[in-house]
Amino acid sequence: MADTVEMQDIRGLDIDKAVKGFALVEYTFKNDCTVSSMSGDAVRWYSETAADLTATAPSVVANISPLSGFPTLEVSWTRNTSYVKKFAAEGFLSMEDIKSADIDVLARTLLRLTRAVTKQVDATIYNVLTENDTPTNINTVATNAPWNTSGYTSVNAVEDILDAKKSIQDYNYDTSNCVLYLTPLGYKSLLTWLIDGKGSSIPQFSSDRVKDGTMLELLGVKIKVSPNVTADKAVMFIPQKACTWKSFQDITSRVIEEPGIGSKIRVWELGIPILTDPRAVCLITNIDA
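For the sequence shown, this note's numbering gives the first residue as 852, with consecutive numbering after it.
See below:
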């Protein structure tokens, strides 16, 4: 039997489509990851030595003398195993609220549940990118001075950004499309320093804000803002290179009706972020005074 517009299957499809569309707008870190699927509850992956291969003295790669043997170079990998995480939330609405409330309680509940799930997914990606703000494998630099230092004494945000970019370039990565994530305060401090501290003209703001979260571009770096960035820190990385999101199940929603009582709304996603290229990341510290 075909479903009519009021029947649950069609409503469920519309709701799930709305949730997926909203998630695409809200995701920031995930949009800058390579996304691939996985079928098991764990994934085994390998991180490769980032530095270029060099011969151990006295061997050399260049200027090999005639009849000499070739120097042996060895690539090394570290094996890692990551396990799927579930991100989920639910809410319950009474039949009366759904039918008679002045606001669209179903749509608002879906939006808030989806936001709760996507926020935790993005927070997890940030934690993996920054190694929980305690770097051991990723690059890290400290600012010359906090960007909101009174009087801007010693502040040089341009140099700080270039230092972070250089730390990635030192490992021979192409940094032409780097992205820099700031806290809302860090973003305010950067703009204020550019305009008031340096007397610069107002920067060119991105017209792609809705599409990919970019607020502006500076020094060839896309500047984005996320509340998931830890206070006093910023993170720069190469999108679609540094981190991979392994998706076990894409964000999904369901409405479970209890006739005569109401409806339960569930939103969930399963996956895990993997830091495949730690040297394609740089954590910047000492952003805020």
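Beta carbons: idealized from backbone N, C-alpha and C, even for Gly.
All of these numbers come straight from a predicted model, not from anything done at the bench.
Helix, strand or coil at residue i according to DSSP, with G and I counted as helix
i, result
"Thr969", "helix"
"Lys950", "helix"
"Cys1133", "strand"
"Asp915", "According to the sequence displayed, residue 915 carries Ile and not Asp. The answer is coil: DSSP assigns Ile915 none of H, G, I, E or B."
"Thr1043", "helix"
"Ser1027", "coil"
"Thr975", "helix"
"Leu964", "helix"
"Ala1085", "strand"
"Ser1018", "helix"
"Asn882", "helix"
"Ala893", "strand"
"Met992", "Looking at the sequence provided, one finds Val at residue 992 rather than Met. Val992 falls in the strand class under three-state DSSP."
"Glu925", "coil"
"Ile1138", "coil"
"Glu1068", "strand"
"Thr1000", "coil"
Identity of the residues DSSP links to residue i by a beta bridge
i, result
"Ser1114", "Leu944, Glu1108"
"Gly1122", "Lys936, Ser1098"
Assigned exposure category for residue i - 16 Cβ within 10 Å defines buried
i, result
"Glu857", "Interpretation of Glu857 is limited by its pLDDT of 40, a score under 50 that renders its predicted location unreliable; no figure is taken from the coordinates."
"Ile976", "buried"
"Leu1126", "buried"
Own chain partners of residue i with C-beta closer than 8 angstroms, once the 5 adjacent residues on each side are dropped
i, result
"Lys937", "Trp1119, Glu1120, Leu1121"
Pick from the options that is closest to residue i, judged by C-alpha positions
i, options, result
"Ala1008", "Val972, Arg1105, Ala1085, Phe1099", "Ala1085"
"Lys881", "Leu924, Val968, Ala940", "Val968"
"Asn995", "Asp1014, Gly1048, Pro1090", "Asp1014"
"Lys1017", "Pro997, Leu1041, Tyr1038, Thr991", "Thr991"
Cβ shell of residue i (< 6 angstroms), same chain only, five flanking positions each side left out
i, result
"Ser1058", "Caution applies to Ser1058, whose pLDDT of 46 falls short of 50 and renders its modelled position unreliable; the model cannot decide the point."
"Val1132", "Leu980, Ile989, Phe1088, Ala1093"
"Met889", "Lys1097, Phe1099"
Distance cut-off 6 angstroms: residue i Cβ against heavy atoms of the ligand COA
i, result
"Ser890", "This structure lacks the ligand COA; in fact it carries no ligand of any kind."
7 angstroms Cβ shell around residue i - same chain, five flanking residues per side excluded
i, result
"Ser1027", "Gly1071"
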